[in-house]
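Visitor: Structure provided below as structure tokens; questions to follow.
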Amino acid sequence: MKVLSRFNRVTDMLFQSRKAKFAMLATVAGSVFFLSSQLMTSQLAHADHSSFTDEQKLEIRAIVEDALVNDPELLKEAIIALQMREEDQMSQARGSLVEQHHAGLFETQTDPWKGAENPAITMVYFTDFNCPYCKKLEPSLDKLIEDYPQLRVITKMVPLQGEGSQKAVVLAQKVWLNEPEKYHALKDMLMSSPRRLDADAIAKVAKLTDTEQWLSKDDDRVVNVVRDNVSLMRDLGLSGTPSMIFGDTVIPGLVTYEVLKEQLEEVIQAKG
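In this note's numbering, the protein residues as written are -18 to 253.
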């Protein structure tokens, strides 16, 4: 293990804390995916290269390259470190964006909601009626509302998947604004469709839920609501559905009920 011994000696010299070593591994992993020559020019944990002589830089480069070739576990650790650092940075950035857009997320009067009348906790949920992952998530959300009566889920409908999505969102938004008592039946039926929604499928659902009049009847508010929801989603750096927000935490993509429950419990504990 001569290579690892030399590697540890140099890293101990460069970085005295565990955190710094971990950050260095992340930087090395990023460099590996570009060019091996970048191992010298990349900023190892933001260290000041002016403090190293040319001879030291060459030695460090040789040690790092030897370590990556002879110890695959080191590379695995470096990749994990890089991923963790990127996820942490992304999480912090999204948390800040959630705070900036708090009113648009949690205080609108035009978005459908389900759950507590006077919620202690509110979750925001971006969804598309043609999103297969949203369809899979719906039962978990219903269970979460059932298990936590203090929870309210605000639904922000965004038409990201074509004309069928657009028609479904416009219909559902008009129904919520004008006949909210019919919205949840409409939404559940649209979500339960096993195939992508088109004009014919949407018309059938409207007939079954007694909301046919809103297929042709206009509501000037709808265009602005849908536009604002899409804009908000993009401002938050979200690229797809489903996406959920608990407190200042963003959960992008399909997750299990257990993950949702764990996150909700953390928010409850934080609120005391």
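Ideal Cβ positions, reconstructed from N, Cα and C, are used throughout, including at glycine.
Runs of 3 residues minimum, wholly inside the region 203 to 242: which ones carry the beta strand (DSSP E) assignment?
Guide: 224 to 227, 230 to 233
Visitor: So, is R176 buried or exposed, given that buried needs 16 or more other C-beta atoms within 10 angstroms?
Guide: For the purposes of this step, residue 176 is taken as residue 195 along the sequence shown, with counting starting at 1. So R176 counts as exposed.
Visitor: Say whether the region 81 to 93 touches the region 184 to 198, bearing in mind that this needs 3 or more beta-carbon pairs closer than 8 Å, one atom from each stretch.
Guide: The region 81 to 93 is not in contact with the region 184 to 198.
Visitor: I need the DSSP call for Y129, collapsed to helix, strand or coil.
Guide: On the sequence shown, residue 129 is found 148 positions in, with the first residue counted as 1. Coil at Y129, not helix or strand.
Visitor: Are the beta-carbon atoms of M225 and V139 separated by less than 8 Å?
Guide: As a position in the sequence shown, residue 225 is number 244, starting the count at 1. As a position in the sequence shown, residue 139 is number 158, starting the count at 1. For M225 and V139, no; Cβs fall outside 8 Å.
Visitor: In the DSSP assignment, find the unbroken beta strand (DSSP E) run with V105 in it and report its ends.
Guide: On the sequence shown, residue 105 is found 124 positions in, with the first residue counted as 1. Here the beta strand (DSSP E) through V105 covers 102 to 108.
Visitor: For L245, which residues in the same chain have their Cβ closer than 8 Å to its Cβ, ignoring the five residues on either side in sequence?
Guide: Counting from 1 along the sequence shown, the entry for residue 245 is found at position 264. Excluding positions up to five away in sequence, the list reads I102, M104, L125, Y129, L132, F227.
Visitor: Which term fits A149, buried or exposed, when burial requires 16 or more other beta carbons within 10 angstroms of its beta carbon?
Guide: The residue labelled residue 149 in the question sits at position 168 within the sequence shown. The residue in question, A149, is buried, as its Cβ has 16 or more Cβ neighbours within 10 Å.
Visitor: Could you give the C-beta distance for M172 and K95, rounded to a whole number, given that I count them as a contact under 8 Å?
Guide: Position 191 of the sequence shown, counted from the start, is the residue given in the question as residue 172. Position 114 of the sequence shown, counted from the start, is the residue given in the question as residue 95. With 8 Å as the limit, M172 and K95 do not qualify as a contact, their Cβ atoms being about 12 Å apart.
Visitor: Among Y238, V50, V231, which one has its Cα closest to the Cα of L78?
Guide: Working through the sequence shown from its first residue, we reach residue 78 at position 97. Looking at the Cα atoms, V231 is the closest of the given residues.
Visitor: As a quick exercise: from V203, K252, Q250, Y106, pick the residue whose alpha carbon is nearest that of D123.
Guide: In the sequence shown, the residue the question calls residue 123 occupies position 142. It is Y106 whose Cα lies nearest to the Cα of D123.
Visitor: So, is L178 buried or exposed, given that buried needs 16 or more other C-beta atoms within 10 angstroms?
Guide: Translated into positions along the sequence shown, residue 178 becomes position 197. With 16 or more Cβ atoms within 10 Å of its Cβ, L178 is classed as buried.
Visitor: Once DSSP output is grouped into helix, strand and coil, what is the label at K95?
Guide: Taking the first residue of the sequence shown as 1, we reach residue 95 at position 114. It is a strand residue.
Visitor: What are the partner residues of V134, as DSSP defines its beta bridges?
Guide: Stepping through the sequence shown from its first residue, residue 134 is reached at position 153. Answer by DSSP bridge pairing, in chain order: K95, M104.
Visitor: Based on Cα-Cα distance, which residue from T136, V206, L118 lies nearest to V240?
Guide: Along the sequence shown, one-based indexing puts residue 240 at 259. Selected option, being the one with the closest Cα: L118.
Visitor: Using a Cβ-Cβ cutoff of less than 8 Å, which residues in the same chain neighbour G234 once the five nearest sequence positions on both sides are dropped?
Guide: Walking along the sequence shown from the start, residue 234 turns up at place 253. The answer, listed in chain order, is Y114, G221, P223, S224.
Visitor: At what residues does the alpha helix (DSSP H) containing L171 begin and finish?
Guide: Taking the first residue of the sequence shown as 1, we reach residue 171 at position 190. It spans 164 to 172 - the alpha helix (DSSP H) in which L171 sits, taken as one unbroken run.
Visitor: Less than 6 Å between C-beta atoms, sequence neighbours within five positions excluded: which residues of the same chain meet that for S(-2)?
Guide: As a first step, residue -2 must be located in the sequence shown, where it is residue number 17. Any reading at S(-2) must be qualified, since the residue scores a pLDDT of 42, below 50, and its modelled position is unreliable; no value is offered.
Visitor: Assuming contact is defined by CB atoms lying nearer than 8 Å, are Q256 and N111 in contact in what I supplied?
Guide: A question about residue 256 goes unanswered here, because the residues of the chain that appear run from -18 up to 253.
Visitor: By DSSP, does V156 sit in helix, in strand, or in coil?
Guide: The residue given as residue 156 occupies position 175 in the sequence shown. If DSSP states are grouped into helix, strand and coil, V156 belongs with the helices.
Visitor: Between N159, S212, E144, R208, which lies nearest to A182 when the distance is taken from Cα to Cα?
Guide: On the sequence shown, residue 182 is found 201 positions in, with the first residue counted as 1. Of the listed residues, the one whose Cα sits closest to A182 is E144.
Visitor: DSSP state of F33, grouped into three classes?
Guide: Taking the first residue of the sequence shown as 1, we reach residue 33 at position 52. Coil at F33, not helix or strand.
Visitor: Taking the Cβ atom as the reference point for each residue, do K155 and N210 lie within a distance shorter than 8 Å?
Guide: For the purposes of this step, residue 155 is taken as the residue at position 174 of the sequence shown. For the purposes of this step, residue 210 is taken as the residue at position 229 of the sequence shown. No, they are not a contact pair.
Visitor: Can you tell me whether T34 is buried or exposed, with buried defined as 16 or more other CB within 10 angstroms of its CB?
Guide: Mapped onto the sequence shown, residue 34 falls at position 53. Classification of T34: exposed, given that the 10 Å Cβ count is below 16.
Visitor: Residues in the same chain with beta-carbon distance under 7 Å from V186, minus the five sequence neighbours each way, listed in chain order, please.
Guide: Your numbering for residue 186 matches position 205 in the sequence shown. Taking V186 as the centre and dropping the five residues before and after it, the same chain places the C-beta of L167, M170, L171 closer than 7 Å to its C-beta, in chain order.
Visitor: Please classify V203 as buried or exposed, where buried requires at least 16 other C-beta atoms within 10 Å of its C-beta.
Guide: One-based indexing of the sequence shown puts residue 203 at position 222. Classification of V203: buried, given that the 10 Å Cβ count is 16 or more.
Visitor: Between D229 and E127, how many whole angstroms is the CB-CB distance? I'm expecting something under 8 Å.
Guide: The sequence position of residue 229 within the sequence shown is 248, counting from 1. The sequence position of residue 127 within the sequence shown is 146, counting from 1. Incorrect: roughly 25 Å between the Cβ atoms, too far for contact.
Visitor: Count the other CB atoms within 10 Å of the CB of L152; is the residue buried (16 or more) or exposed (fewer)?
Guide: Residue mapping note: residue 152 aligns to position 171 of the sequence shown, counting from 1. The residue is buried, with at least 16 neighbouring Cβ atoms inside 10 Å.
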